[in-house]
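Quick note on numbering: this note's numbering labels position 111 of the sequence shown as 498, and the sequence is numbered without any gaps.
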Amino acid sequence: MNESDENEKAFTAVIRADLDRGADALDEGTRRALANARRHAMNHRPRPRTYWRAAGGLALAGLAALAVVKLYQPPPTSVQPSSGLEDVELLSSAEELDLYKDMDFYFWLAADEHADS
């Protein structure tokens with residue numbers, strides 16, 4: 388053993404002896420009160436904090452529900468934004484569009500919609 392261990396043991400022995408002498412010097416009423424207080428403290432057990440368990444259970448249930456929703460949710464489709472070049476190519480092509488063949492129908496449809504309102 389090194390010197391610090393021996394010093395610590397000697398210090399502990401001195402303190403213990405001093406406390407024992409102080410306890411022996413107590414009157415009988417004080418001893419009885421201290422014994423009762425010690426017995427009460429040893430027998431008293433704090434109530435378990437069940438509200439923390441309930442809160443933890445609710446949090447766990449919520450996380451499980453979120454995981455199930457995320458698991459069965461379809462993956463998002465990636466839609467790439469149009470640059471508009473396709474539209475320009477379509478409009479500038481020399482081919483005739485089918486849309487322009489039936490222009491009278493579209494004029495009639497627009498006029499009919501205005502007449503209904």
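Just so it is clear, CB atoms sit at the ideal spot from N, CA and C, and this is done for glycine as well.
Assigned secondary structure, residue i (DSSP; H/G/I helix, E/B strand, else coil)
i      : result
ASN423 : helix
THR464 : coil
HIS431 : coil
ASP489 : coil
LEU413 : coil
ARG364 : There is no way to answer for residue 364, as the model of the chain reaches only from 388 to 504.
SER470 : coil
SER480 : coil
ASN394 : helix
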